[in-house]
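In the working numbering, the protein residues as written are 206 to 424.
Have a look at the structure below before the remarks.
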């Protein structure tokens, strides 16, 4: 049985949001795990909740990564007006905050890391994930980026760090608000978001194993 450690991150409470899905999904997955992992594997989930802070969020995540040594990292956040889950394709090297963060900091038009590339592509298998979401009737879409606030700053810092690693996959998904009534407004039920996060973890495990097999064959 091959064990996969997965770190999943969310954020502390958002202002004006009663139920923060990125917080609740992380807590549920850390508590209940992934009950039906890919055959021949077990998946152990470690959750971490990050402050909505440019200076503190990434260091908090990095401490967890360095403690757990996961093979997969799934960062999550919130897009308030979405009606579906957004699979983020690209992290960009820019902060352009239209409001202050939790530390009352509001950087404008500044790079996250001036010495690093302009952008990184996600390492998660988004097409596989979209196909599995469709099979489970989970509404989702591909998103070009995670904005220019703290979510993107964490996403970029994660991919910038993982670019130097050779044994880890990382990416970012944005949840919509929690909407249990399906009343046509923004959001979807929390249970669908929990199921979606488990699918992302399983598809990432399968992709990791395929990639490892391909590297062995090439060698």
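Even glycine gets a Cβ: it sits at the ideal position worked out from N, Cα and C.
Please state whether DSSP places residue 219 in a helix, a strand or coil. coil
If residue 150 and residue 358 are in contact, beta carbons under 8 Å, what's the gap, nearest whole angstrom? There is simply no residue 150 to check, as the chain begins at 206 and stops at 424 in what is shown.
Cα separation between residue 350 and residue 404? 21 Å
Beta-bridge pairing of residue 278 - partner residues as DSSP gives them: 212, 375
Residues in the same chain with beta-carbon distance under 7 Å from residue 407, minus the five sequence neighbours each way, listed in chain order, please. 239, 242, 243
How should residue 382 be labelled, buried or exposed, when 16 other C-beta atoms within 10 angstroms of its C-beta is the threshold for buried? buried
Going by DSSP in three states, residue 207 sits in which element: helix, strand or coil? strand
At the level of alpha carbons, what is the spacing between residue 207 and residue 274? 15 Å
Can you grab the Cα-Cα spacing for the pair residue 374 / residue 305, in whole Å? 31 Å
List the endpoints of the continuous beta strand (DSSP E) containing residue 182. For the chain, the structure presents residues 206 to 424; residue 182 sits outside this window and is missing.
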